[in-house]
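Note sheet for the following structure.
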Amino acid sequence: MKPSLRIVIGFFLVLSLPSPAFSQDLASATLLRIIDGDTMIMMVEGKKEWVNLLAVDAPEGVQPWGMVALNALNMLVEGQNIRIEFDKEQRNYEGQMLGYLWAGDTFINLEMVLNGYALWDFWPPNNRYDDELLEAEFQARKEWKGIWKSPVPTRDDKPFDR
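Now the structure itself:
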């Protein structure tokens, strides 16, 4: 085989490989079931996965605002093609996926916090959107949206999970 033909074949073989950055930073998903305001079961790249909204903490179903948060998340993701964007850690200590969810141009994690259905949750070393999420929480608090209409929660006593 001529050296130039080997180079051309090698070039096309390299192009046919999946992009490591894309395959590790993003995944496509569809909703199977919502568990609560920050946890879902999704089909991710053909595999059933528990997915947690990264850097977001929403009330559990039995807690005040829990069902409201669940319904708000459902309105944002139901029937949508979802993209999961990963940060430094893709899974929590229980093996569940951690991600920033996008439906088109809508940043689901941000919408949940901005509308007062969840709190920003510090989750080091994952910090890609901390500034935006913290600002969204301040805005929701200032405008008395969602959970901020009631005396619960406060930043000092994170009332939800963890």
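So for the sequence shown, my numbering puts the first residue at 128; every next one is plus one.
Beta carbons are placed, not taken as given, at the ideal position from N, Cα and C, and that holds for glycine.
Query                                                                                                     : Result
Which of helix, strand or coil DSSP assigns to residue 265                                                : helix
Residues that residue 236 bridges to, as DSSP identifies them                                             : Answer is none; residue 236 lacks a bridge partner.
Euclidean distance between Cα positions of residue 180 and residue 166                                    : 6 angstroms
Own chain, CB closer than 8 angstroms to residue 277, minus 5 neighbours either side, in chain order      : 191, 192
Where residue 265 falls, given that 16 or more other Cβ within 10 Å makes a residue buried                : exposed
Own chain residues within Cβ distance below 6 angstroms of residue 239, not counting five before or after : 183, 245
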